[in-house]
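Engineer:
Protein chains: 2
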Amino acid sequence: MSNSAYGQKAPAEARAMMRGGVNAPTAGACDGYVQANLVVLPRTFAYDFLVFCYRNPKPCPLLDVTDQGSPETRLARGADLRTDLPKYRVYENGAFAREVTAIADYWSHDLVAFLLGCSYTFEAALLAAGVPVRHIEQGTIVPMYTTSIWCVPAGVFAGPIVATMRPIPHELVPRAVQVTSRYPNVHGAPIHIGDPMRIGVDLERTEYGGQVSALREGETPVFWACGVTPQAVAIASRIPFMITHAPGHMFITDVRNEHLAAF
Amino acid sequence: MSNSAYGQKAPAEARAMMRGGVNAPTAGACDGYVQANLVVLPRTFAYDFLVFCYRNPKPCPLLDVTDQGSPETRLARGADLRTDLPKYRVYENGAFAREVTAIADYWSHDLVAFLLGCSYTFEAALLAAGVPVRHIEQGTIVPMYTTSIWCVPAGVFAGPIVATMRPIPHELVPRAVQVTSRYPNVHGAPIHIGDPMRIGVDLERTEYGGQVSALREGETPVFWACGVTPQAVAIASRIPFMITHAPGHMFITDVRNEHLAAF
Chain P
1 MSNSAYGQKA
11 PAEARAMMRG
21 GVNAPTAGAC
31 DGYVQANLVV
41 LPRTFAYDFL
51 VFCYRNPKPC
61 PLLDVTDQGS
71 PETRLARGAD
81 LRTDLPKYRV
91 YENGAFAREV
101 TAIADYWSHD
111 LVAFLLGCSY
121 TFEAALLAAG
131 VPVRHIEQGT
141 IVPMYTTSIW
151 CVPAGVFAGP
161 IVATMRPIPH
171 ELVPRAVQVT
181 SRYPNVHGAP
191 IHIGDPMRIG
201 VDLERTEYGG
211 QVSALREGET
221 PVFWACGVTP
231 QAVAIASRIP
241 FMITHAPGHM
251 FITDVRNEHL
261 AAF
Chain E
1001 MSNSAYGQKA
1011 PAEARAMMRG
1021 GVNAPTAGAC
1031 DGYVQANLVV
1041 LPRTFAYDFL
1051 VFCYRNPKPC
1061 PLLDVTDQGS
1071 PETRLARGAD
1081 LRTDLPKYRV
1091 YENGAFAREV
1101 TAIADYWSHD
1111 LVAFLLGCSY
1121 TFEAALLAAG
1131 VPVRHIEQGT
1141 IVPMYTTSIW
1151 CVPAGVFAGP
1161 IVATMRPIPH
1171 ELVPRAVQVT
1181 SRYPNVHGAP
1191 IHIGDPMRIG
1201 VDLERTEYGG
1211 QVSALREGET
1221 PVFWACGVTP
1231 QAVAIASRIP
1241 FMITHAPGHM
1251 FITDVRNEHL
1261 AAF
């Protein structure tokens, strides 16, 4: 059962709905299929961004890079990245410019699209393994924090890792590490377990995401690198032009979650 | 015990020997440390090569990309990639030009160096797990074959996967898959198990490596993607200038093999 506007349609059908004008969030849509973050950059910046992703695989788990000027991806046959996401954000000179439901008008031969893994995939695996995920239970957005851990820089791209936090019952923390370790292409193992101040985080002060109820007795805060990192870094570098998916409005691929499992 | 000219010195000491003029092969040197393949390309071709590696992680497991013009790598503090390998090969317009023991004379601000994982790391893991490795027993080079499996192309780079073959006692084949699966950054799990003709290979006709004795009763041929692939593809694309390590003369990093294990 899903509350998603896309129900449990096949990914290609959900994408056709988006292309036809449906612009609802994708949480809960197409159970079992990988959803991806989108970053579109001019070719001039694509090389540095690619090196940045290589050097920082936990926050930037790259699933595909398109050929220059091509809106097609190997992750979804027949899909068009210019129309097949429900909502996009356009950034100019490092500032949010506008939200749009298609980017065909902005597309040019100069652009390269990057698709990055998203935590939806490993959250499905956590739930399947009996590890509770608080923000899903509470129907809110995962809390995200800028940490004091710096990414390895590459060219114009530099900045701190943004992390998501999930409170995990302490006896399930090792299991949570095991389960997410199987998915290196969707952020993989946690980057930190326990005392938030060790990575410069005050739990009361989320920066990007939602807020979950305070840690309960017996829970440990566990932090994973977050796909907001490359966007935050790209915005901070004030590159002249960038397009991303709108938060929560992801690209739905034809790839099954299990296909990303390391083994 | 090692027959290597570098004995069991620390990686930094072995690199200092190479910098000082020692140019022996690195097989068996610095037990437990990752050895890497080197590919140096002009910046113009580096982007396509990087995308190629991303799209073909099994034959092209990238461990590091240097900053443009920098001969330094994060994998070995204080190392200089222009002098700290025992032997290099220079290619011009797709043809082998010469073998040299340092590349300082060829270096320029325009160059980017790529370090790629090498099967030495997973062979150590196979041996530790009790899986015999024939070419090591026989003191020869692993046999390599051009397969009929094509890499996903990227820009100017396109070509077939080159694979290594190791004959494995059939009861140890599942274990060999498990052990090498732990090392996705050094080619990872096999690409094929069994009938060589399924991937277009005639075992009698090695193309790059050595020859091992014929399959013995009860052995299965197991194929892994090989780091020769990106070099073969780069040579075939006739790019104007490229430097690689000379076969068997690898870059020795400060990274321990176990550090590359997925988990």
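Quick note, the sequences are listed as chains P and E, same order. As numbered in the numbering used here, residues 1 to 263 make up the first sequence, in order. As numbered in the numbering used here, residues 1001 to 1263 make up the second sequence, in order. Beta carbons are placed, not taken as given, at the ideal position from N, Cα and C, and that holds for glycine.
Note down, in chain order, all residues in the segment 37 to 66 of chain P with a beta-carbon under 9 Å from any beta-carbon belonging to chain E.
Structural biologist: Those residues of the segment 37 to 66 of chain P that come within reach of chain E (Cβ to Cβ, closer than 9 Å) are R43, A46, Y47, L50, V51, C53, Y54, R55, L62, D64, V65.
Engineer: Determine, for G69 (chain P), whether the minimum Cβ-Cβ distance to residues of chain E falls below 9 Å.
Structural biologist: Reading the first sequence from its first residue, position 69 is the one you call residue 69 (chain P). Chain E contact via Cβ: absent.
Engineer: Just to make sure I have the definition right: I need the residues of chain P whose C-beta is within less than 7 Å of the C-beta of A1128 (chain E). Which are they?
Structural biologist: Taking the first residue of the second sequence as 1, we reach residue 1128 (chain E) at position 128. Under the 7 Å cutoff, chain P gives no residues; its nearest Cβ is about 18 Å from A1128 (chain E).
Engineer: Tell me the rounded alpha-carbon separation between M1001 (chain E) and Y1120 (chain E).
Structural biologist: By 1-based counting over the second sequence, the position of residue 1001 (chain E) is 1. By 1-based counting over the second sequence, the position of residue 1120 (chain E) is 120. A caution first: M1001 (chain E) carries a pLDDT of 39, below 50, which makes its placement in the model unreliable, though a value can still be read off. Going by the C-alpha atoms only, they are around 16 Å apart.
Engineer: For the alpha helix (DSSP H) holding D48 (chain P), just list the boundary residues, first then last.
Structural biologist: As a first step, residue 48 (chain P) is located in the first sequence; it is residue number 48 there, counting from the start. Start and end: 43 to 55.
Engineer: State the Cα-Cα distance for the pair R98 (chain P) and G1227 (chain E), rounded to the nearest angstrom.
Structural biologist: Working through the first sequence from its first residue, we reach residue 98 (chain P) at position 98. Working through the second sequence from its first residue, we reach residue 1227 (chain E) at position 227. Cα to Cα, the separation comes out at about 45 Å.
Engineer: Hey, is R15 (chain P)'s beta-carbon within less than 9 Å of any beta-carbon in chain C?
Structural biologist: Here the protein chains are P and E, and chain C is not one of them.
Engineer: By how many angstroms is the C-alpha of T206 (chain P) removed from the C-alpha of G1159 (chain E)?
Structural biologist: Numbered from 1 along the second sequence, position 159 holds the residue referred to as residue 1159 (chain E). Numbered from 1 along the first sequence, position 206 holds the residue referred to as residue 206 (chain P). About 48 Å.
Engineer: Tell whether a beta-carbon distance below 9 Å holds between N1257 (chain E) and G1069 (chain E).
Structural biologist: Counting from one through the second sequence, the residue named residue 1257 (chain E) turns up at place 257. Counting from one through the second sequence, the residue named residue 1069 (chain E) turns up at place 69. Contact: no.
Engineer: Please list, in chain order, all residues of the same chain as A1225 (chain E) whose beta carbon is under 7 Å from its beta carbon, the five residues on each side excluded.
Structural biologist: Here residue 1225 (chain E) refers to the residue found at position 225 of the second sequence. Closer than 7 Å at Cβ, skipping near neighbours: K1058, P1059, I1161, A1163, H1187, I1191.
Engineer: Beta-carbon of A262 (chain P) versus every beta-carbon of chain E: anything under 9 Å?
Structural biologist: For the purposes of this step, residue 262 (chain P) is taken as the residue at position 262 of the first sequence. Yes, contact with chain E.
Engineer: Quick one: give me the first and last residue of the alpha helix (DSSP H) that V1177 (chain E) is part of.
Structural biologist: Sequence index remark: in the second sequence, residue 1177 (chain E) carries index 177 (1-based). Here the alpha helix (DSSP H) through V1177 (chain E) covers 1173 to 1181.
Engineer: Just reading off the alpha helix (DSSP H) that F1122 (chain E) is part of, what are its end residues?
Structural biologist: Reading the second sequence from its first residue, position 122 is the one you call residue 1122 (chain E). Note, F1122 (chain E): alpha helix (DSSP H), 1120 to 1128.
Engineer: Which residues, taken in chain order from the segment 175 to 186 of chain P, show a beta carbon closer than 9 Å to some beta carbon of chain E?
Structural biologist: Listed by position along the chain: V177, Q178, S181, R182, P184.
Engineer: Pull up the distance between the alpha-carbon of H245 (chain P) and that of A27 (chain P), whole angstroms please.
Structural biologist: In the first sequence, counting from the first residue as 1, residue 245 (chain P) sits at position 245. In the first sequence, counting from the first residue as 1, residue 27 (chain P) sits at position 27. Their Cα atoms are separated by approximately 13 Å.
Engineer: Would you say the segment 1037 to 1049 of chain E touches the segment 1212 to 1226 of chain E, given that touching needs at least three Cβ pairs under 8 Å?
Structural biologist: Because the criterion of three Cβ pairs below 8 Å is not met, the segment 1037 to 1049 of chain E and the segment 1212 to 1226 of chain E do not touch.
Engineer: With a cut-off of 9 Å, does the C-beta of G1155 (chain E) fall near any C-beta of chain P?
Structural biologist: Reading the second sequence from its first residue, position 155 is the one you call residue 1155 (chain E). Judged by the 9 Å Cβ criterion, G1155 (chain E) is in contact with chain P.
Engineer: Considering just the uninterrupted stretch of the alpha helix (DSSP H) at E137 (chain P), what are its terminal residues?
Structural biologist: Against the first sequence, residue 137 (chain P) aligns to sequence position 137. Its alpha helix (DSSP H) spans residues 134 to 137.
Engineer: Strictly under 9 Å for the Cβ-Cβ distance: is V152 (chain P) near chain E by that measure?
Structural biologist: Your numbering for residue 152 (chain P) matches position 152 in the first sequence. V152 (chain P) counts as touching chain E.
Engineer: Would R1074 (chain E) count as contacting chain P if we go by Cβ distances under 9 Å?
Structural biologist: Taking the first residue of the second sequence as position 1, residue 1074 (chain E) is located at position 74. Closer than 9 Å: yes.
Engineer: DSSP three-state call for L63 (chain P): helix, strand or coil?
Structural biologist: In the first sequence, counting from the first residue as 1, residue 63 (chain P) sits at position 63. Three-state DSSP puts L63 (chain P) in a strand.
Engineer: I'd like the list of long-range same chain contacts for R1077 (chain E), defined as Cβ closer than 7 Å, with 5 residues on each side in sequence excluded.
Structural biologist: Mapped onto the second sequence, residue 1077 (chain E) falls at position 77. Taken in chain order, the residues that qualify are D1254.
Engineer: According to DSSP, simplified to helix, strand and coil, what is Q8 (chain P)?
Structural biologist: Sequence index remark: in the first sequence, residue 8 (chain P) carries index 8 (1-based). Note: Q8 (chain P) maps to coil in three-state DSSP.
Engineer: With DSSP as the reference, label M1001 (chain E) as helix, strand or coil.
Structural biologist: Counting from one through the second sequence, the residue named residue 1001 (chain E) turns up at place 1. Here M1001 (chain E) scores only 39 on pLDDT, less than 50, and its place in the model is too uncertain to base an answer on.
Engineer: I'd like to check one pair, T1101 (chain E) with G947 (chain E): are the Cβ atoms closer than 9 Å?
Structural biologist: For chain E, the structure presents residues 1001 to 1263; residue 947 (chain E) sits outside this window and is missing.
Engineer: Can you tell me whether P1184 (chain E) is helix, strand or coil according to DSSP?
Structural biologist: As a working note, residue 1184 (chain E) is residue 184 in the second sequence. In the structure shown, P1184 (chain E) sits in a helix (DSSP, three-state: H, G or I).
Engineer: Using 8 Å for Cβ pairs, my map puts L1116 (chain E) next to P1230 (chain E). What's the rounded Cβ distance?
Structural biologist: By one-based count along the second sequence, residue 1116 (chain E) stands at place 116. By one-based count along the second sequence, residue 1230 (chain E) stands at place 230. With 8 Å as the limit, L1116 (chain E) and P1230 (chain E) qualify as a contact, their Cβ atoms being about 7 Å apart.
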